[in-house]
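Respectively, the protein sequence lines represent chains V and C.
Just so we're aligned, residue 4 is where the first sequence starts under my numbering, counting upward by one.
Just so we're aligned, residue 637 is where the second sequence starts under my numbering, counting upward by one.
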Amino acid sequence: MNQPEIWHHWSGYLAAPRYQYSVLAEYYAVRDGVAVFDTSPLFKYRISGADAEAFLAKLFARDIRTCAVGQSQYTIWCNEKGFVLEDGVVMRVAENEYLLTAARPNLRHFRLHQGDFDVSIEDVSKAYGILAVQGSKSGLTLGKLTDAVSDLPYFGVTNTSLAGADVIVGRMGFTGSQGYEIWIKAEDALPVFDAIFAVGDDYNIVPLGEDALMLLRIEAGLLLIDVDFDSARHAWVDAQRETPLELGWKWMLRNLDQDDRDFVGRSAIEAEIANKTSRWKTVGLQIDYYDFERVHRELGIMPPKDSMLAQETHSLYDADRNYLGYATSVMYSPLLKKHIAIAKLPLDKCKRGTEVYLEIVPIHKPALVKANVVKMPFYNKTNE
Amino acid sequence: MNNSNSQTYDAIVIGGGHNGLVNANYLAKAGLNTLVLEARHLIGGAAITEELLPGYKFTTFSYALSLLRPDIVQDLDLVAHGLMVLPMPNDFHVNYGGVGLRMNADAGHNYHAVAEHSIHDAEAMDDFFHMVDRVCHAMKPLMDSIPPNTVSDAAADREYLAQFNDYLDSLDDDLKAQLERFWTGSMTEILDEYFESDFLKGYFSSSSIIGSMCSPSTPGSALVYLFHKMGEYDGEFGSWGFHKGGNGGFTQVLARAFEAKGGTIRLDSRVSHVKREGDTATGVVLEDGTEFNAKVVVSALDPKRTFMQLVDPATMPQDLIQHIEAYKFQGSAAKVNFALTDVPPFPGLEGNKSAFQGFLNIGPTLDYLETAFQDALEGRFSRRPFLDCCVQSTIDSDMTPAGKHVMSCFVMWAPYHLKDSDWDTERENLGDTVQQTIEEFFPGFSALVEHREVVTPLDIERIVGLSEGNIFAGELFSSQMFFNRPAPGWNQYRTPLAGYYQCGSGTHPGGCVIGGPGKLAAAQVLGDLEG
């Protein structure tokens, strides 16, 4: 199934950067078809018990109490200083039972906050596989196996059976297209995988690798830990740590004044809001097509349009060449036909349309290319 | 003249093919109240998608996308109107007996795949394609600007020509030499310098014959090749894509973009002629007598129709008419489109869809191509034709009912002028020949055929209006390119009639779904309006 036979390691598991030679073919399978990403290497936790809700209300910055059974939330957890530790998706599968994914191991952190809560926190990472069935035809594909997904709302969760196996399906994803994530008991994962590929063949279903997922999630404006931000846990100094507000997640805290939770990091976040001490904000950036062409044409070379630009970070300047901030995740969007990026900019430079200059290094010499602050996500068809 | 019932626009574009639509988009974007008149019941010209069999969508004529000028996508904001060009990741070049070459997006893989046939050629491939890339890069500014007028003595024209010559002078010496070879030479002579395998030369030469009455060994074929390599898919020369819903999906995007700019499209509106007062165009008259007024009239039709049908050729300068009469159309391409129950069965790859997610090249060797061309020289269609095929449903599953496939086969050579027969007689014979040819490479193919549509050069002329069925609105030979497209002195989109312009593929830079003529003609119109 992995034609290039390239694997890397992801949390101790094998993961493929791509399953066929063309990253773009996998990318478009999501934008205009269906593809499956094996997201099993994520860490998975079951939080259950009489105090499960109360415990998570303290642990997470976003109010879990608004998440009913059959729903899920994209959420974050912070340290006491209000810096983000991590993000993840939590599903409420029963009144007193939640399932959570996280990119890094978190068991110790969760247990440190357990205190007197009547709650059980288990690592269930090995007990489940997760298949992310993503793409504009993901609903059609799964609809051939179960009736349970047809009216599942965005971030809705349901129990159903696929190919005879009991699974939990959540309507969610990391791609910006319609998608579902399916929790499958480890022993059932392969038959369910085969069943999905059998019915997906009518829509040219393919396995999805990490490279294409990277393009999809950037267009979807979804931040990635270790790329667009670092966990506060392993940072050396606060300059490497970021708050929910700085990462553009203020929407998760929008009802803070009506919510009396004593969640971890609350006082620091309230102070940041009250004193307006956010150092920057995370915004979308669109690189000017004509200027990008010009810079390369003047050097006698073709402008690179092969998905990710090689540099991890690109500095941003104003017209007078004063340093403003930086961009991560700079990529050429195959669909939008423009380079886009996720940028950190001072608060007075975050208004849509603000013109900034992105530093690139064609032929080993820095050059500045015009860019504009734009709305993020760049692409969102999760609800279609 | 009865003008009382006629409607007035700022600009009228005759012909709703892709160039007409691109042109109209630019005019509307500049604020002109613009009308597109399309003779048929659907927009798109030769870039249409038709559901000829329930659930099966056919790209009746043009079938893939590459040359579309990237600036047009940006200028006209086409993404916002639904542009989606799906990549064609895997190409497949076949020979008899289950021998094939599968090429994909990975250079390392391709090296080894080619080395199976010749390690010498695998090594040469890098050098060859880098050279081609550099030549394309050098050509790009010329493709994307209005070419100089070589016959004018006006100071501005002399200055513009001097700038053009300065640009050519500025190129590296080796590039200049290569450019010269591509401009005048045959594809075979260039390939011979790099490659030894006849099977690989057969593959690499396919772009040198597309739509053209030449074989790879004919001087001039190298320019046909270069022209096709000028296409870019996301900055990569020579890469192709497939628009969602076929090329008809693309022209629908152009139509939406145009209407969003306030433009008007009128279907079933065949134009009889351009109205004039003295030496100035004033509008058009439809065949049903309806009149429209405009101070700008742009013909997106081919040069013959632009200068000899929409206006009275007797009123045109006679040297221009002589050029247009000598301008070579001589269409030589046909299409056969199939509805299939499965992908074609290649020995050892039965049922493998990924092998077909790009061009399927049937023209295994140079000898095969030369033999096929010889038939055309003798006035008949090739008994074993070259076929450029796409099974588009392997990329876009919405093209067919679940599990089924459509296959578009572009056929060379099918000369417009048959020596001993006519195309109405030969239509199904051509279909049988194409089907039998595919069967020879894909045993069992015919059993998969649910439906077949044959499009002859005569059909292309009758349905789309392209004279003699030439898909490029005139051959892409150097004698009728650039300074001379469609005629010396009339290569800048103007015509002898003030306010009457041309923007079809018969103008610079030329054919394919490229949009360049439409864009550059609009620049000329708008420049003239500004004075």
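C-beta: ideal position from N, C-alpha, C; glycine also.
Presumed contact (8 Å Cβ cut-off) between residue i and residue j, rounded CB distance
i                      : j                      : result
residue 965 (chain C)  : residue 1104 (chain C) : 4 Å
residue 288 (chain V)  : residue 346 (chain V)  : 4 Å
residue 1069 (chain C) : residue 1017 (chain C) : 7 Å
residue 976 (chain C)  : residue 795 (chain C)  : Actually they do not touch by this definition, with Cβ atoms about 57 Å apart.
Rounded separation between residue i and residue j - CA only
i                      : j                      : result
residue 1051 (chain C) : residue 1015 (chain C) : 7 Å
residue 793 (chain C)  : residue 1163 (chain C) : 15 Å
residue 373 (chain V)  : residue 865 (chain C)  : 30 Å
residue 276 (chain V)  : residue 61 (chain V)   : 19 Å
residue 58 (chain V)   : residue 256 (chain V)  : 17 Å
residue 351 (chain V)  : residue 326 (chain V)  : 14 Å
residue 955 (chain C)  : residue 758 (chain C)  : 50 Å
residue 718 (chain C)  : residue 179 (chain V)  : 16 Å
residue 1124 (chain C) : residue 1137 (chain C) : 15 Å
residue 767 (chain C)  : residue 754 (chain C)  : 20 Å
residue 825 (chain C)  : residue 863 (chain C)  : 17 Å
residue 638 (chain C)  : residue 716 (chain C)  : Only weak support exists for where residue 638 (chain C) lies, its pLDDT of 41 falling under 50; the coordinates are left without a value.
residue 725 (chain C)  : residue 647 (chain C)  : 41 Å
residue 1154 (chain C) : residue 183 (chain V)  : 44 Å
residue 341 (chain V)  : residue 1047 (chain C) : 36 Å
residue 674 (chain C)  : residue 1150 (chain C) : 19 Å
residue 640 (chain C)  : residue 1096 (chain C) : Because the pLDDT of residue 640 (chain C) is 45, which lies under 50, any placement of that residue in the model is unreliable, and the number read from its coordinates should be weighed accordingly. Their Cα atoms are separated by approximately 37 Å.
residue 49 (chain V)   : residue 244 (chain V)  : 28 Å
residue 1118 (chain C) : residue 1145 (chain C) : 6 Å
residue 348 (chain V)  : residue 250 (chain V)  : 11 Å
residue 100 (chain V)  : residue 67 (chain V)   : 12 Å
residue 910 (chain C)  : residue 932 (chain C)  : 11 Å
residue 844 (chain C)  : residue 995 (chain C)  : 15 Å
residue 1120 (chain C) : residue 1053 (chain C) : 25 Å
Span of the beta strand (DSSP E) around residue i
i                      : result
residue 126 (chain V)  : 123-126
residue 334 (chain V)  : 326-336
residue 1045 (chain C) : 1041-1048
residue 141 (chain V)  : No beta strand (DSSP E) holds residue 141 (chain V); the alpha helix (DSSP H) holding it covers 141-146.
residue 80 (chain V)   : 74-81
residue 321 (chain V)  : Neither: residue 321 (chain V) is in no beta strand (DSSP E) and is coded neither H nor E.
residue 1075 (chain C) : That residue, residue 1075 (chain C), is in no beta strand (DSSP E); its alpha helix (DSSP H) goes 1059-1077.
residue 659 (chain C)  : First-last for residue 659 (chain C): 654-665, but that is the alpha helix (DSSP H), not the beta strand (DSSP E).
residue 916 (chain C)  : 916-922
residue 727 (chain C)  : 727-730
residue 1024 (chain C) : 1022-1026
residue 109 (chain V)  : Careful: residue 109 (chain V) lies outside any beta strand (DSSP E) and carries neither H nor E.
residue 902 (chain C)  : 900-902
residue 686 (chain C)  : 686-689
residue 882 (chain C)  : Where residue 882 (chain C) is concerned, there is no enclosing beta strand (DSSP E), although the alpha helix (DSSP H) it sits in stretches over 882-896.
residue 834 (chain C)  : Per DSSP, residue 834 (chain C) belongs to no beta strand (DSSP E); it is in the alpha helix (DSSP H), 834-840.
Given residue i as reference, the closest of the options once Cα atoms are compared
i                      : options                        : result
residue 1090 (chain C) : C:975, C:971 and C:1112        : C:971
residue 14 (chain V)   : V:35, V:27, V:21 and V:46      : V:46
residue 1113 (chain C) : C:678, C:856 and C:707         : C:856
residue 40 (chain V)   : V:124, V:314 and V:211         : V:211
residue 106 (chain V)  : V:79, V:155 and V:281          : V:79
residue 840 (chain C)  : C:681, C:850 and C:858         : C:858
residue 177 (chain V)  : V:220, V:278 and V:187         : V:220
residue 728 (chain C)  : C:1148, C:838, C:820 and C:683 : C:838
Endpoints, the alpha helix (DSSP H) within which residue i is located
i                      : result
residue 782 (chain C)  : Here residue 782 (chain C) belongs to no alpha helix (DSSP H), and DSSP marks it neither H nor E.
residue 252 (chain V)  : Premise fails: residue 252 (chain V) is in no alpha helix (DSSP H) and is neither H nor E.
residue 819 (chain C)  : 809-820
residue 973 (chain C)  : Segment 969-976 is the beta strand (DSSP E) holding residue 973 (chain C); no alpha helix (DSSP H) there.
residue 1155 (chain C) : 1152-1166
residue 942 (chain C)  : 939-944
Selection of the segment 698-723 of chain C by Cβ proximity to chain V, strictly under 9 Å: Within the segment 698-723 of chain C, the residues whose Cβ lies closer than 9 Å to any Cβ of chain V are, in chain order, 706, 707, 709, 710, 714, 715, 719, 720, 721, 722 and 723.
Using Cβ-Cβ distances below 7 Å, what residues of the segment 849-874 of chain C are close to chain V? Close to chain V, meaning a Cβ-Cβ distance shorter than 7 Å, are the following residues of the segment 849-874 of chain C: 870 and 871.
Members of the segment 720-749 of chain C that neighbour chain V once the beta carbon cut-off is set at 7 Å: Residues are counted here when their Cβ sits less than 7 Å from a Cβ of chain V; for the segment 720-749 of chain C these are 720, 722, 723, 725, 740, 741, 742 and 745, given in chain order.
Which of the residues in the segment 970-996 of chain C, read from start to end, lie with their CB under 8 Å from any CB of chain B? Among the chains of the structure shown, chain B does not appear; the protein chains present are V and C.
With 9 Å as the limit, tell me which residues of the segment 188-220 of chain V have their beta carbon closer than that to any beta carbon of chain C; keep them in chain order. Per Cβ criterion, the list reads 204, 205, 206, 207 and 209.
Got a sec: which bits of the segment 1015-1035 of chain C sit with their beta carbon under 9 Å from any beta carbon on chain V, in order along the chain? Taking 9 Å as the Cβ-Cβ cut-off, the segment 1015-1035 of chain C approaches chain V at 1029, 1030, 1031, 1032, 1033 and 1034, given in chain order.
Near-chain C residues of the segment 314-345 of chain V (beta-carbon distance less than 8 Å), N- to C-terminal order: Listed by position along the chain: 335, 337, 338, 339, 340 and 341.
At a Cβ cut of 7 Å, what residues of the segment 771-789 of chain C count as close to chain V, listed as they run along the chain? In summary, the residues of the segment 771-789 of chain C whose CB is separated from some CB of chain V by less than 7 Å are 773, in the order they occur in the chain.
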